[in-house]
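A.B. asks: Chains as they are written, first to last, in the numbering used here: chain A, 1 to 350; chain B, 351 to 849.
Where is the CB? At the ideal position from N, CA and C, for every residue including glycine.
Every value quoted in this text rests on a predicted model; they were computed, and no experiment measured them.
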Amino acid sequence: MKPDRINIESTEIMKKFTLTVFCILAGCIFFLSGIWIYFQKSLDRVELGEGEHAASYQRHYLMIANDKDTGMWQSVYESASKAAEKENAYVELLSPEQMTGYSQADCLRIGIASQVDGIILEADGSKEEQHLINEALKDKIPVVTVMTDDTATGRISFVGLNSYQMGSAYTEQISGLLKEKGKTSIMFLSTSNSKTQETNLVYSQVKKELETQKKTGQSVELTEYCVDSSADFDTEEFVRDMFVNDESLPDILVCMDEVVTECVYQALIDYNQVGNVKVIGFYYSDMILDAIDKGIISSAIALDMDEIGRYSINALDEYLSLGHSNSYYSVGQHIITKDNTQDYRTEAEE
Amino acid sequence: MRQEKEISSVKNSIQTRLSGVMLLVLVFALGINVFIFNQIHTAVTRIDAVFSSNTAVNELSEALEQVESTVYEYLNTKSTKALENYYRYEQNYKNLIEELNDRNLDNEVKMLEKNIRRMSESYLEQTNETVQAKRGRNVEKYKTSYETENELYEYINSYIYKLNNLRFKTNSANYQLLLGAMNVLYKLCICVMLIVYALGLAVTTLLVRNMIRPLTELSNTAHEVAKGNLNVPQLPVVVEDEVGVVTRSFNQMLESIRQNIDQLKDSMERQAQMKERELLMETHLKEAQLKYLQAQINPHFLFNSLNAGAQLAMMGDADNTGIFLEKMADFFRYNVRKMEEDAMLWEEIEAVDNYIYILNVRFAGDITYIKEVDEGIENIRIPSMILQPLVENAVQHGIHDCMETGWIRMEIHRNGDMLEVTVSDNGAGMTQEMIDKVMAGRVDQNEEDRFSTGIAVRNVIDRLQLYYKEENLFTIKSDGPGTGTRVHIILPVDKEEFA
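1) Cβ of residue 261 of chain A within 7 Å of Cβ of residue 282 of chain A?
2) Kindly identify the DSSP beta-bridge partner or partners of residue 824 of chain B.
3) Going by CA-CA distance only, name the one from A:320, A:237, A:113 that's closest to residue 58 of chain A.
4) Report the rounded CA-to-CA distance for residue 69 of chain A versus residue 94 of chain A, giving the unit in angstroms.
5) With residue 735 of chain B as the anchor, note down where its beta strand (DSSP E) starts and where it stops.
6) Can you tell which of A:298, A:35, A:210, A:148 has its C-alpha closest to the C-alpha of residue 854 of chain B?
7) In terms of alpha-carbon separation, which member of B:533, B:471, B:750 lies closest to residue 390 of chain B?
8) Roughly how many angstroms lie between the CA atoms of residue 868 of chain B and residue 676 of chain B, to the nearest whole one?
9) Going by C-alpha to C-alpha distance, which of A:119, A:109, A:92, A:112 sits closest to residue 864 of chain B?
10) What residue from B:716, B:693, B:776, B:818 has the CA that sits closest to residue 727 of chain B's CA?
11) At the level of alpha carbons, what is the spacing between residue 109 of chain A and residue 382 of chain B?
12) With distance defined between alpha-carbon atoms, name the residue in A:119, A:113, A:81, A:16 nearest to residue 469 of chain B.
13) Contact criterion: CB-CB distance below 7 Å. Does residue 461 of chain B meet it with respect to chain A?
14) If contact means a Cβ-Cβ distance below 8 Å, which residues of the region 465–499 of chain B contact chain A?
15) Taking buried to mean at least 16 other C-beta atoms within 10 Å of its own C-beta, is residue 778 of chain B buried or exposed?
16) By the 10 Å Cβ neighbour count, where 16 or more other Cβ atoms means buried, how is residue 657 of chain B classified, buried or exposed?
17) Which partner residues does residue 189 of chain A have in the DSSP bridge list?
18) Looking at the secondary structure, which residues open and close the alpha helix (DSSP H) in which residue 761 of chain B lies?
19) Below 7 Å between beta carbons: does that hold for residue 146 of chain A and residue 171 of chain A?
20) Which full runs of the alpha helix (DSSP H) of 4+ residues lie inside the region 33–114 of chain A, going along the chain?
21) Spatial neighbours of residue 585 of chain B within its chain, please: CB distance less than 8 Å, with the 5 preceding and 5 following residues excluded, ordered by chain position.
22) State the DSSP-derived secondary structure class of residue 282 of chain A, mapped to helix, strand or coil.
23) Give the DSSP-derived three-state secondary structure of residue 288 of chain A in the structure shown.
24) Does DSSP put residue 496 of chain B in a helix, in a strand, or in coil?
25) Applying a beta-carbon distance threshold of less than 7 Å, which residues of chain A neighbour residue 454 of chain B?
26) Examine chain B for any beta-carbon lying closer than 7 Å to the beta-carbon of residue 342 of chain A, and answer yes or no.
27) Taking residue 176 of chain A as part of the alpha helix (DSSP H), name the residues at either end of that continuous run.
28) Taking 8 Å as the limit between beta carbons, can you name the residues of its chain near residue 61 of chain A, skipping five residues before and five after?
29) Expressed to the nearest angstrom, what Euclidean distance is found between the alpha-carbon atoms of residue 202 of chain A and residue 167 of chain A?
30) List the residues of chain B whose Cβ lies closer than 8 Å to the Cβ of residue 21 of chain A, in chain order.
31) Have a look at residue 660 of chain B and residue 673 of chain B and give me their C-alpha separation to the nearest angstrom.
32) Would a check of beta-carbon distances place residue 413 of chain B closer than 7 Å to chain A?
33) Please say whether residue 291 of chain A and residue 265 of chain A have beta carbons closer to each other than 7 Å?
34) What would DSSP say about residue 333 of chain A, mapped onto helix, strand or coil?
35) Using DSSP bridges, identify the partner residues of residue 277 of chain A.
36) Excluding the 5 residues flanking residue 222 of chain A on each side, which residues of the same chain have their C-beta closer than 6 Å to its C-beta?
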């Protein structure tokens, strides 16, 4: 091999070698740049500003929910939030259960001390609450009651169904389940949370209507029980007790609360009472809808939670803007049976 | 100094290249390390910042507690110090809550801050009321106010706790995020480091191999050269480094050696040619000398012979005179003619015969001459004027004083590849000393000798040596004075001539 040729080949090899080295180095730099970008993005994901870029609103409303984790309250809150956003307001959801040892009254106090622009709550009819609602109004904080009203207070508005309509709806469902002949025992089951003046009125309304609507040979025995739900898990324990003690089981169980409905459903299955006890539920969680589909729960009554949320915000906004508002907003009711569960599932999914 | 300059003048010195590569690798590795450390530092700073929000919440909580405890202390003791402390802590707390969010933002933490701020404002109003009531000694009012304030304190505390929890949750998530990123970064960086170190190793290995390869080639070639094979190809100079310089020098050295060897060959050839010429010249010289020697025929012999011829003529023997003059003429013609290099053996024998005849005429047939010659060797070429001087020598120094009884015998025999010529006489004989002297050529030629043709024995010896380029062809033997002399010559003959 001639030296010249070797020289050319060696130069070629050196060139290739240098090129390869530079390519690899460039690759490394490229790789490092990738790492850097990845790392910067990771760091950017760490939000230190905590909502510096979050949307800002003019008003701040406080919604006090008895049990914020239930689907019912979630629906109310979601619709209220949506409506509030349009009105340039922020809705904060506060529940006594999330503040250990605090009552609804404490939540109301916190709302007043926090100087919110408006409060939405389900009235429990207690004196303390009535006093606090009035105090809030004194501090120019309007209060809207939802689902259950407390007319003894200065609340600016009530959003919900009136007891007459509610009673009629229940009556309609119950009369379909009455025994053809003989006595049908009916129990109204509510919790201390849901048990209000309103539920009393509903109960009375049902009782009155059933008396007039019952056929000859049919008799109705109405009882009412309120589960003390101030302590945790009591509702479930009570329902279990009731099923263990067969004698106290009614023919028809009317649940006035979402949690009670779910507890009853589970107990029916566990104690093999499906078919023996007919159940009318309240609201439409996935579990309740499943139960209706399976025929374990005959039907369920539900208020239009979406309307509750929306109307309560409307009421507050109207009051703050105009200085007054409607004192009563009537919301629609839903009767959920086997035939229309699909509609509610879709709604829930949406 | 000069060497140092030469080293520094190398374009791509090994040192520069090695240092370059090492520097490149180190700088790159350093760069990556700096990059990694920088990223880690950023991450750590960020982690620090992440948890600093929790620290701020804790500060807020402590300040609130200080306000509450000083209010209690004041209510309890009404001490001025407690009051002072209260105002100080109240101011401090105010400053702290000033930093909290006061807007309605779609963010749980921010809304908590806002609630804490607003509640704190209500709380501070309440504490002021309490303190004022205490100062005004309005016992009932301050007690009620303290209760409300205490309630608010609890609410704020629980909100602060909630905020702290929420922040801790967020911060923990952020921390997990950062930790994850750090983990990925750590793995990726290890990969990059490994790649870079592997690359560095590969580059260094390749570079060293590239540096060593020419050295190996150089060593192999040097080995070949050391074995004596100078016909090796020129080594390529791949890189202009030290090895390149050595290779170039080696190539030059090899080229120089080749050139030197060529020059040496040329010069040796020239020397050989010169030697040849010298030899030729020497030969020519010798030839000239020979010719010169051959030319040295004693004129006395000619005069004496002519005198003998004259006397013969005067005696009126015309036939013998004619024969004598003819023989003489033949003899001298031969002498003159044989100035050329060599002669046939028969010509030499004839010359001897003529000489003996001339002598016999001069000395009236006294010399007994016996001749023994093998047949078939007459045409062999020998140097001219060899036999006659020997016979002449035998006459002059051998039988000169006893011509009547003396005899001369010439024998020429073939012995293998050579002719053996022996000229012997029964005359005076020679001592060893004399023989040595004759052989050494130390005997003075008596030019006045009437019977000599002028060619001495030494001359014969020399010419034989020159002609045959051999020594010891000529020997003289004698048992001492009065015992006769025997001269023996060996004449090498070409085989072709025998054929």
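C.D. replies: Working from what's here:
1) Yes; because the gap between Cβ atoms is below 7 Å, this pair is in contact.
2) Looking at the DSSP output, residue 824 of chain B sits in a beta bridge with B:839.
3) If you compare the alpha carbons of A:320, A:237, A:113 with that of residue 58 of chain A, the shortest gap goes to A:320.
4) Those two C-alpha atoms are separated by around 11 Å.
5) First-last for residue 735 of chain B: undefined, no H or E at that position.
6) Absent from the model: residue 854 of chain B. The displayed extent of chain B is 351 to 849, so no value can be given.
7) In terms of CA proximity to residue 390 of chain B, B:533 leads the group B:533, B:471, B:750.
8) This structure leaves residue 868 of chain B out entirely; chain B is present only between 351 and 849.
9) Here chain B has residues from 351 to 849 only, and residue 864 of chain B is not among them.
10) Residue 727 of chain B has its Cα closest to that of B:693, out of B:716, B:693, B:776, B:818.
11) Those two C-alpha atoms are separated by around 58 Å.
12) In this structure, A:113 is the residue among A:119, A:113, A:81, A:16 with its C-alpha nearest to the C-alpha of residue 469 of chain B.
13) Under the Cβ distance rule, residue 461 of chain B counts among the residues neighbouring chain A, one pair being separated by less than 7 Å.
14) Listed by position, the residues of the region 465–499 of chain B near chain A (Cβ gap below 8 Å) are 465, 468, 469, 471, 472, 473.
15) Residue 778 of chain B is classed as buried because its beta carbon has at least 16 other beta carbons within 10 Å across all chains shown.
16) Residue 657 of chain B counts as exposed, since fewer than 16 other C-beta atoms from the protein chains shown sit within 10 angstroms of its C-beta.
17) Partner residues in the beta bridge of residue 189 of chain A, as assigned by DSSP, are A:225, A:255.
18) Counting along the chain, residue 761 of chain B falls outside any alpha helix (DSSP H), though it belongs to the beta strand (DSSP E) covering 757–765.
19) Residue 171 of chain A is positioned such that its CB atom lies no closer than 7 Å to that of residue 146 of chain A.
20) Here the runs fully enclosed are 71–86, 104–113.
21) If the five residues before and after residue 585 of chain B are omitted, its C-beta is found closer than 8 Å to the C-beta atoms of 564, 567, 568, 571, 597, 600, 601, all from its own chain and listed in chain order.
22) Reduced to three states, the DSSP call for residue 282 of chain A is strand.
23) DSSP places residue 288 of chain A in helix when its eight states are reduced to three.
24) Three-state DSSP puts residue 496 of chain B in a helix.
25) By Cβ distance, chain A contributes 56, 57, 58, 59, 60, 90.
26) So, not an interface residue.
27) Residues 163–177.
28) Only 80, 84, 89, 90, 91, 92, 116, 117, 118, 119, 120, 313, 316 meet the Cβ criterion.
29) Distance between the alpha carbons of residue 202 of chain A and residue 167 of chain A: 5 Å.
30) Those are 549, 553, listed as they occur along chain B.
31) Going by the C-alpha atoms only, they are around 13 Å apart.
32) Taking CB atoms only, residue 413 of chain B has no neighbour in chain A less than 7 Å away.
33) Yes, Cβ-Cβ distance for residue 265 of chain A and residue 291 of chain A is below 7 Å.
34) In this structure, residue 333 of chain A counts as strand in the three-state DSSP scheme.
35) The partner list for residue 277 of chain A (beta bridge, DSSP) reads A:274.
36) Cβ neighbours of residue 222 of chain A within its own chain (closer than 6 Å, five residues either side excluded): 186, 207.
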